[in-house]
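Working notes, structure below.
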Amino acid sequence: MSDQSFDVLVIGSGPAGYICAIRAAQLGMRTACVEKWKNADGKYVLGGTCLNVGCIPSRRCCSL
């Protein structure tokens, strides 16, 4: 993963975490939501299962 900078870093993409990340993004902040989650290649990635697999409205977070 390349080095990136964010205004807000949300740790955990559970029910409160993803809402926090969505709201921060709506307010114009560069937002990252991190979770202990690995992609198919076994690498850790931004977001969690719901964000990457799609069990929550994730388009707002991903549109950054």
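Numbering (the working numbering), first residue to last: 249 to 312. Built from N, CA and C at the ideal position, the CB exists for glycine as well. The structure displayed is predicted, hence computed values, not measured ones.
query	result
What does Ile-259 pair with, by DSSP beta-bridge criteria?	Val-282
If we ignore side chains and look at the alpha-carbon of each, how far apart do Val-282 and Ala-269 end up?	10 angstroms
For my contact list, Thr-279 and Ala-272 are in at a C-beta cut-off of 8 angstroms; report their separation, rounded to the angstrom.	4 angstroms
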